[in-house]
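First the structure, in the form of structure tokens, and then the observations on it.
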Amino acid sequence: MSPAFSARALSVRDLIAARARSRSRPKHRDDPHTLALCIEGGAMRGVVSAGMVVALEQLGLLNVFDRVYGSSAGAMNAAFFVAGQAGFGTT
Numbered sequence: 004m005s006p007a008f009s010a011r012a013l014s015v016r017d018l019i020a021a022r023a024r025s026r027s028r029p030k031h032r033d034d035p036h037t038l039a040l041c042i043e044g045g046a047m048r049g050v051v052s053a054g055m056v057v058a059l060e061q062l063g064l065l066n067v068f069d070r071v072y073g074s075s076a077g078a079m080n081a082a083f084f085v086a087g088q089a090g091f092g093t094t
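Numbering (the working numbering), first residue to last: 4 to 94.
If you want it as structure tokens, here you go:
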């Protein structure tokens, strides 16, 4: 475990920021945490979550998550997100 990820508790926001800064990738982490992205679906929720995954992708945050889960339309949005093609799912 690197000094950046000592025994102190990290907020999810801090963990995401640290992973983005270090450009760590799933299965090659310096921290002991597992971070999952859960994407809801269902009618308008699917539309909103589609915009959310486009924003996450544009911010370069795909690799900060260890797992990505989705239900209903959220599963489709998750598939586009993990493929690095979130923008294609909204056009």
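Even glycine gets a Cβ: it sits at the ideal position worked out from N, Cα and C.
Enclosing alpha helix (DSSP H) for residue i [first to last residue]
i: Ala46; result: Counting along the chain, Ala46 falls outside any alpha helix (DSSP H), and DSSP gives it neither H nor E.
Rounded C-alpha distance that separates residue i from residue j
i: Ile3; j: Ala39; result: Since the displayed the chain opens at 4 and closes at 94, residue 3 lies outside it and no answer follows.
i: Tyr28; j: Arg48; result: What sits at residue 28 in the sequence shown is Arg, not Tyr. The alpha-carbon atoms of Arg28 and Arg48 are separated by roughly 28 Å.
i: Gly92; j: Met79; result: 8 Å
i: Arg70; j: Lys30; result: 11 Å
i: Leu13; j: Leu65; result: 19 Å
i: Gly45; j: Gly54; result: 14 Å
Unbroken beta strand (DSSP E) run spanning residue i, endpoints
i: Arg70; result: 70-73
Secondary structure of residue i, DSSP reduced to three states
i: Ala86; result: coil
Counterpart residues of residue i in DSSP-defined beta bridges
i: Leu40; result: Val71
i: Arg28; result: His31
Contact test: residue i Cβ vs the ligand SAH heavy atom, cutoff 7 Å
i: Gly92; result: The ligand content of the structure shown is nil, which means the ligand SAH is not present either.
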